[in-house]
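Here the numbering used here is used: the first residue of the sequence shown is 2, the next is one more, and so on. What follows is a short report on a single structure.
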Amino acid sequence: MQVDARTIEQLDARVQDARSYLHVDERTLELADLDAQIASPGFWDNAAHAQEVSKRAGNVRDTLRAYDDAARMLDEVRTAFELAAEDEAFIDEAQQLSEGLSKTLDELEVESWFSGRFDDGDAILTVNPGQGGLEANDWADMLYKMYVHYAEDKGWKVQVLDVTYAEGIGIDRATIQVEGRNAYGMLTSEIGVHRLVRISPTDDKKRRHTTFASVELLPVLPEDIEVDLDPNDVRVDVYRSSGPGGQCVNTTDSAVRLTHVPTGIVVTCQNQKSQIQNKEAAFRVLKSKLYELEEQKRQAEIDQLRGERMDNSFGSQIRNYVLYPYQLVKDLRSGVETGDVDGVLEGHLDDFVLGYHKWKASQ
């Protein structure tokens, strides 16, 4: 569509809307405060807190820079449109600038969806097999790899905290920490039960099987979040890490299992390089789980951090992955679907992640 005065008016309105929903004035003041903290003496004495503040400052700065870019692009569109009235050579330039600005504004609108307390932070994602026996173990392994690919493709850092391999094929559980901008907010789209339909590779008669796996999500808690955790309430067990075999099998007792006696919550971590690192990571997960538990008690309603707890079985799925008799992945909430099953399993999830958040914002 060719750029005209109405197009520019609409783009101007969208830029003004972006200034409002991005809270540009408030974030400008916040960035000034964060920069003052960073410049203060002794700021790096507490390394963990300093990293959190620096990360937050970087995120706010990126948002403000993106808005400034949009405002600048709007001026460039206006200028090119005015020049096109005298010289048709500027028509294509005005069109290209308009399309670029529209895309930038789309990205800013996505940014505005992630305004929850932990949305812009890191996430702890766990995949558990559901009904389906060995099939479910294999399906959980497929999902685990899908999320690792997705995070890596987005430039996020993935830290494998715990992978417990099942007997035969697949996994009994996998827990990863995903570090990146809006990682927790974006991945909330994946909370729930995922259903797979295919010809089982373990079935000699080549029959169609339906199996399930669930995805849980926790935020990595910032340092300023207080969690009531008495170390005396935690039993710490160490054991030898398990693995799929080969050179990666651990020969030392570096894996850690934490049991929070009052609640019965159990957390394991075995994929860090040392027992100390596994223990630190396990305590990080335990604190997030205890925080979630307290949220449940206070709210006495659906868990807003991990999502509604549903049976890991038929009728409770959020998304279907059908490999046979046809190929289709469909999200049952947003309605987003694709026949590119292989692409989805390789981590091409943005259509589903963004489609879910767009659907959620419309509700």
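All C-beta atoms in this analysis are idealised placements derived from N, C-alpha and C, irrespective of residue type, glycine included. Keep in mind the model is a prediction, meaning the values are calculated, not measured.
### Task
Alpha carbon to alpha carbon, how far is alanine 152 from lysine 158? Give it in angstroms, no decimals.
For lysine 158 and alanine 152, the gap between their C-alpha atoms comes out near 7 Å.
### Message
Strictly by DSSP, which residues pair up with glycine 193?
### Response
Per DSSP, Val216.
### Message
Just to confirm, is the Cβ distance from alanine 282 to alanine 214 under 8 Å?
### Response
No Cβ-Cβ contact shorter than 8 Å links alanine 282 with alanine 214.
### Query
Can we say the segment 329 to 345 touches the segment 170 to 177, given the rule of at least three CB pairs closer than 8 Å?
Pairwise C-beta distances place the segment 329 to 345 out of contact with the segment 170 to 177, as fewer than three of them are shorter than 8 Å.
### Task
Kindly list the residues whose CB is nearer than 6 Å to the CB of aspartate 352, restricted to its own chain and excluding five residues on each side of it in sequence; keep chain order.
Cβ neighbours of aspartate 352 beyond the five flanking positions: Val337.
### Message
What would DSSP say about valine 267, mapped onto helix, strand or coil?
### Response
In the structure shown, valine 267 sits in a strand (DSSP, three-state: E or B).
### Task
Pick helix, strand or coil for histidine 50, following the three-state DSSP scheme.
Three-state result, histidine 50: helix.
### Message
With the cut-off set at 8 Å, would you say tryptophan 140 and glycine 134 are in Cβ contact?
### Response
No.
### Message
I'd like the list of long-range same chain contacts for leucine 350, defined as Cβ closer than 6 Å, with 5 residues on each side in sequence excluded.
### Response
Tyr151, listed in sequence order.
### Task
Classify isoleucine 170 as buried or exposed, calling it buried when 16 or more other Cβ atoms lie within 10 Å of its own Cβ.
By the 10 Å Cβ count, isoleucine 170 comes out exposed.
### Message
I'd like the list of long-range same chain contacts for leucine 12, defined as Cβ closer than 8 Å, with 5 residues on each side in sequence excluded.
### Response
Excluding five sequence positions before and after leucine 12, the CB atoms of its chain that fall closer than 8 Å to its own CB belong to Leu75, Val78, Ser99, Leu102, Ser103 and Leu106, given in chain order.
### Query
Across which residues does DSSP place alanine 256 in a beta bridge pair?
For alanine 256, DSSP records a beta bridge to Tyr240.
### Query
Bridge partners of alanine 175, per DSSP?
According to DSSP, which records beta bridges pairwise, alanine 175 is partnered with Val128 and Val164.
### Query
What's the C-alpha gap between lysine 206 and isoleucine 200?
Their Cα atoms are separated by approximately 9 Å.
#### Entry: Nearest candidate by alpha-carbon position, reference arginine 20, set Met143, Glu10 and Ser113
Relative to the Cα of arginine 20, the nearest Cα in the group Met143, Glu10 and Ser113 belongs to Ser113.
### Message
From the DSSP secondary-structure annotation, give me the bridge partner or partners of histidine 210.
### Response
Per DSSP, Arg199.
### Query
If you run the structure through DSSP and keep just helix, strand and coil, what is asparagine 321?
Three-state DSSP puts asparagine 321 in a strand.
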